[in-house]
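Chemist: Before anything else, here's the structure in question.
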Amino acid sequence: MEKVFLTTIRGASMTLNDLRQSIKGRVVLRGDECFDDARRAWNRAVDQPVLAVVEVYDAEDVATLVTYARQERLTVTAQQSGHRPSGDVEGVILLRTERLNDVAVNPDTRTARVGAGAMWDQVLMAGSPHELAGLAGSSSVVSVLGSALGGGAGWFGRKYGFAANSVRAFDAVDADGLPIRVTADSDPDLFWAMRGGGGDFAMVTAMEFDLLPMPALYGGRMLWAVDQAPRVLDAYREITANAPDELSAWFTLLHLPDSPPLVTVAATFLGGPAEARSLLRPLDDIDGVIADSRCVIPVGELGGICAESVDPGPELWRTELLTGLDDRAAQLLLAKPIDPLTSVQIRHLGGALAVDPPGGGAVPALAAPYMLAMLGTPRDLAATAAVRAKMNEITDTLGDYLTGTKPYTSLAPGEDVSLTFPESTLVRLRALKRSLDPHNVFRGKFPILR
Ligand SMILES: Cc1cc2nc3c(=O)[nH]c(=O)nc-3n(C[C@H](O)[C@H](O)[C@H](O)COP(=O)(O)OP(=O)(O)OC[C@H]3O[C@@H](n4cnc5c(N)ncnc54)[C@H](O)[C@@H]3O)c2cc1C
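In my numbering, the protein residues as written are 95 to 544.
What follows is the structure, encoded as structure tokens:
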């Protein structure tokens, strides 16, 4: 059935408009009234000047679109909804995967199978009754596939590593429009590249990955007024200096609009409440706690710990890896208010994130012990400039402590993959890209080849 369908569209050159007849989903072209809505990313700060938007209905639509693009020498980039888009999409077809959002959890094999457009909250909710979880990050509304293709350093990364390395199989469409199933056995090179090397190698329709047993999960967040930041940061450094891999703790300076500036520590612990409280005890000595949500939580509530926005809006972000967080770095970090930024977060890395596991994917281990993540939510151009200036000021101040490298999933518009991958990995990824997709039918959000 699929072959007949593909032969039909291979027969003659088609226009983008003709594609509407072959695609079961929606094809939106420049000039269509809904074009600007359809091409918008969830993150409203990033423009997406694409040629067309194709909202696929199923895997067959994906194959049809790729075949068309190959034939017409066009390029396709995929996106669930674009939480951290690059904007590097001029003239390409944007394939939207939102409708490919099936999620199935198999408690016997401890695996999940998700469509390319599934979000983390779907997996967490489906796994929760079975006390199983995937390697989700802080936001429950980012795409499972998008984070795995780029690496994915989440709450349980210190214990279990990157989401990319939990993948068992991808169902995808290759650059000729043909369906493929990519596993360690079927195609070790491609399987390696797709686990952390981004969306440059195949168009994925579904993914299967390991779930982890989560019989006990403790987590939550404590908040204080920002004048307690020095004490909180000291406590945070003490906690993370000795933390077991089961504990993940993130320190945040937070200044939401119409709210006083705050300091928070969010944490998860893979174990019981008594041990968690004991590991986090230095925080209990700090007066003036405004809120403390720490308790035993079901896995399905993981995405709520940091209370990140789930609604589309303009966000600017910049991420850096830190070589350490000694007294001087702590003083520099707290030297000035974070205005006009919304948040400045320090995440504790290490553990399994610092190790390249045997048989792992292209995602590079993170040797840095901490990550600095800055976020601004500017509403106009003047505010945008002020946010950028503040991010530059902070990174200049912390200059000695920056590694100069960043995870793929944290890259921002204008940055590129040379910040993520060691040279030997880039050489291997680029050779593979040239051999598998010589006509550049696919473009990842931060392309491997320029
Ligand atoms: C609030 C927030 C919190 C975050 N927290 C974390 C965190 O804790 N840890 C972490 O590692 N990251 C985190 N991220 C970053 C996140 O992992 C990246 O944005 C990631 O790219 C997935 O998110 P997305 O929904 O933007 O993905 P998408 O835009 O859907 O996908 C990302 C990229 O993957 C590729 N891709 C997507 N679908 C396909 C497909 N079907 N076939 C081929 N390629 C495809 C494309 O190149 C695409 O541009 C966070 C982001 C936000 C906004």
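Even for Gly, the Cβ is constructed at its ideal location relative to N, Cα and C.
1. For ligand 1, I want to know if residue 173 counts as a neighbour, meaning its beta carbon is within less than 8 Å of at least one of the ligand's heavy atoms.
2. To the nearest angstrom, how far is the alpha carbon of residue 267 from that of residue 190?
3. In this structure, does DSSP put residue 485 in helix, strand or coil?
4. Please classify residue 289 as buried or exposed, where buried requires at least 16 neighbouring CB atoms within 10 angstroms.
5. Going along the chain, which residues of its own chain have a beta-carbon closer than 8 Å to the beta-carbon of residue 104, five neighbours each way excluded?
6. Determine the burial state of residue 53: buried for a count of at least 16 other Cβ atoms within 10 Å of its Cβ, exposed for fewer.
7. If you follow the beta strand (DSSP E) that residue 414 is part of, which residue opens it and which one closes it?
8. To test your reading of the DSSP string, which unbroken beta strand (DSSP E) runs of 3 or more residues are found completely within the stretch 133-183?
9. Can you list, in chain order, the residues of its chain with a C-beta nearer than 6 Å to that of residue 360? Leave out the 5 residues immediately preceding and following it.
10. With a cut-off of 8 Å on the beta carbons, I'd call residue 176 and residue 135 a contact; round off their distance for me.
11. For residue 335, is the beta carbon positioned less than 8 Å from some heavy atom of ligand 1?
12. By how many angstroms is the C-alpha of residue 365 removed from the C-alpha of residue 425?
13. Quick check: what's the CA-CA separation for residue 109 versus residue 296?
14. Whether or not the stretch 195-209 and the stretch 251-259 are in contact is what I'm after, with contact meaning three or more pairs of Cβ atoms, one per stretch, closer than 8 Å; do they touch?
15. Tell me whether residue 298 counts as near ligand 1, meaning its Cβ is closer than 8 Å to at least one heavy atom of that ligand.
16. Below 7 Å CB to CB, which residues in the same chain sit around residue 433 once its five sequence neighbours on both sides are set aside?
17. Give every residue of the same chain whose Cβ lies closer than 7 Å to the Cβ of residue 452, excluding the five residues on either side of it in the sequence, and list them in chain order.
18. If you check the beta carbons only, do residue 458 and residue 514 fall under 9 Å apart?
19. How close, in whole Å, do the beta carbons of residue 524 and residue 543 come, if the pair is a contact with beta carbons under 8 Å?
20. To the nearest angstrom, how far is the alpha carbon of residue 278 from that of residue 476?
21. At a cut of 8 Å, does the stretch 327-335 reach the stretch 373-386 through at least three beta carbon pairs?
22. On the DSSP letters alone, give me the boundaries of the beta strand (DSSP E) that residue 273 sits inside.
23. Using 10 angstroms around the beta-carbon of residue 133, count the other beta-carbons present and answer buried if the total reaches 16, otherwise exposed.
24. With a threshold of 6 Å on Cβ separation, who are the neighbours of residue 528 within its own chain once the five nearest residues in sequence on each side are excluded?
25. Tell me which same chain residues have a C-beta within less than 7 Å of the C-beta of residue 510, skipping the five on either side of it?
26. Just reading off the beta strand (DSSP E) that residue 332 is part of, what are its end residues?
27. Let me check one thing: in DSSP terms, what residues is residue 439 bridge-paired to?
28. Tell me whether residue 245 sits in a helix, a strand or coil according to DSSP, three-state version.
29. With a cut-off of 8 Å on the beta carbons, I'd call residue 317 and residue 437 a contact; round off their distance for me.
30. Tell me the rounded alpha-carbon separation between residue 181 and residue 507.
31. Is it buried or exposed for residue 442, if we count other Cβ within 10 angstroms and need 16 for buried?
32. Quick one: give me the first and last residue of the beta strand (DSSP E) that residue 189 is part of.
33. For residue 120, which beta-bridge partners are listed by DSSP?
34. I want to know whether the stretch 296-308 touches the stretch 406-419 - three or more CB-CB distances under 8 Å.
35. Counting pairs of Cβ atoms below 8 Å between the stretch 148-159 and the stretch 117-133, do you hit three or more?
36. Less than 8 Å between the CB atoms is what I'm expecting for residue 440 and residue 466, so what's the real figure, rounded?
Modeler: Quick look at the numbers:
1. In terms of side-chain proximity, the C-beta atom of residue 173 is found nearer than 8 Å to a non-hydrogen atom of ligand 1.
2. 15 Å
3. helix
4. buried
5. Its pLDDT being 48, under 50, residue 104 is placed unreliably by the model, and nothing is read from it.
6. This structure cannot settle anything about residue 53, because the visible part of the chain is limited to 95 through 544.
7. 410-416
8. 146-149, 170-173
9. 315, 344, 399, 400
10. 3 Å
11. no
12. 33 Å
13. 23 Å
14. no
15. yes
16. Here the set comprises 349.
17. Taken in chain order, the list of residues that qualify is empty.
18. Taking 9 Å as the Cβ cut-off, residue 458 and residue 514 qualify as a contacting pair.
19. 6 Å
20. 49 Å
21. yes
22. 273-277
23. buried
24. none
25. 540
26. No beta strand (DSSP E) holds residue 332; the alpha helix (DSSP H) holding it covers 323-335.
27. Per DSSP, 346, 467.
28. coil
29. Between residue 437 and residue 317 the Cβ distance is about 12 Å, and since that is not below 8 Å, they are no contact.
30. 6 Å
31. buried
32. 187-190
33. 149
34. no
35. yes
36. Yes, they are in contact, since the Cβ atoms of residue 440 and residue 466 sit about 6 Å apart, within 8 Å.
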